[in-house]
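Take a look at the structure set out below.
Numbering (the UniProt record's numbering), first residue to last: 1 to 131.
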């Protein structure tokens with residue numbers, strides 16, 4: 001979701017949205033009746049989507065700039081990182097540790113957390129690049 005937000009924000013700030021809106025406004029001026037109403041709805045929908053994307057990007061940016069957010073992220077990810085390191089060390093080193101596999105609900109959570117790390121990292125880098 002974060003990467004989609006960053007892509008939408010980049011798209012919204014590229015000027016393409018403004019050109020699209022100006023085209024739709026010109027088309028709106030030339031149309032009559034239902035077509036005119038439909039075009040006006042399209043214009044307002046695009047404006048609302050751009051506005052919502054900017055608001056969500058600001059929220060994401062402010063959240064990632066706060067140390068409390070990263071403290072709670074570390075609180076959840078540190079045990080997962082230790083377990084992951086133990087599994088890798090045991091697999092590569094051939095130790096007799098016999099690191100237990102995570103139970104079914106936690107293995108799904110761990111996979112989600114790994115995906116989240118990469119998605120959030122990409123989103124954070126994108127947001128910083130857009131500043």
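Glycine included, every Cβ here is placed at the ideal spot set by N, Cα and C.
Within the region 5 to 80, ranges of the alpha helix (DSSP H) (whole runs, at least 4 residues) = 16 to 30 and 33 to 64
message = According to DSSP, simplified to helix, strand and coil, what is residue 1?
response = Here residue 1 corresponds to residue number 1 of the chain shown, with the count starting at 1. Note that residue 1 scores 48 on pLDDT, short of 50, meaning its location in the model is unreliable; the coordinates nonetheless yield the value given after this. If DSSP states are grouped into helix, strand and coil, residue 1 belongs with coil.
task = Let me know the secondary structure DSSP gives residue 102 once reduced to three states.
result = Taking the chain shown and counting its residues from 1, the one referred to as residue 102 is at position 102. Coil.
request  = Would you tell me roughly how many angstroms separate the C-alpha atoms of residue 79 and residue 71, rounded to the nearest one?
outcome  = As a first step, residue 79 must be located in the chain shown, where it is residue number 79. As a first step, residue 71 must be located in the chain shown, where it is residue number 71. Roughly 13 Å separates the two Cα atoms.
task = State buried or exposed for residue 57, treating a residue as buried only when at least 16 other CB atoms are found within 10 Å of its CB.
result = Here residue 57 refers to the residue found at position 57 of the chain shown. It is buried - the Cβ of residue 57 has at least 16 other Cβ atoms within 10 Å.
inquiry  = Can you confirm whether the region 11 to 30 touches the region 41 to 55 when touching is taken to mean that 3 or more C-beta pairs between the two stretches lie within less than 8 Å?
reply    = yes
message = Just verifying my parser: in three-state terms, what is the DSSP assignment at residue 89?
response = Numbered from 1 along the chain shown, position 89 holds the residue referred to as residue 89. Residue state, collapsed to three classes: helix.
request  = Helix, strand or coil for residue 119, going by three-state DSSP, please let me know.
outcome  = Taking the chain shown and counting its residues from 1, the one referred to as residue 119 is at position 119. In the structure shown, residue 119 sits in a helix (DSSP, three-state: H, G or I).
Cβ neighbours of residue 39 in the same chain (closer than 7 Å, five flanking residues each side left out) = Numbered from its first residue, the chain shown carries residue 39 at position 39. Cβ neighbours of residue 39 beyond the five flanking positions: 24, 27, 28 and 31.
key: Between the CA atoms of residue 60 and residue 100 - distance to the nearest angstrom   = Locating residue 100 in the chain shown gives position 100, where the first residue counts as 1. Locating residue 60 in the chain shown gives position 60, where the first residue counts as 1. Their backbone Cα atoms lie some 36 Å apart in a straight line.
task = Compare the C-alpha of residue 15 against each of 50, 41 and 34 and name the closest.
result = Your numbering for residue 15 matches position 15 in the chain shown. Nearest C-alpha to residue 15: 50.
request  = Inspect the beta-carbon positions of residue 107 and residue 97 and report whether they are closer than 8 Å.
outcome  = Stepping through the chain shown from its first residue, residue 107 is reached at position 107. Stepping through the chain shown from its first residue, residue 97 is reached at position 97. Cβ atoms of residue 107 and residue 97: not closer than 8 Å.
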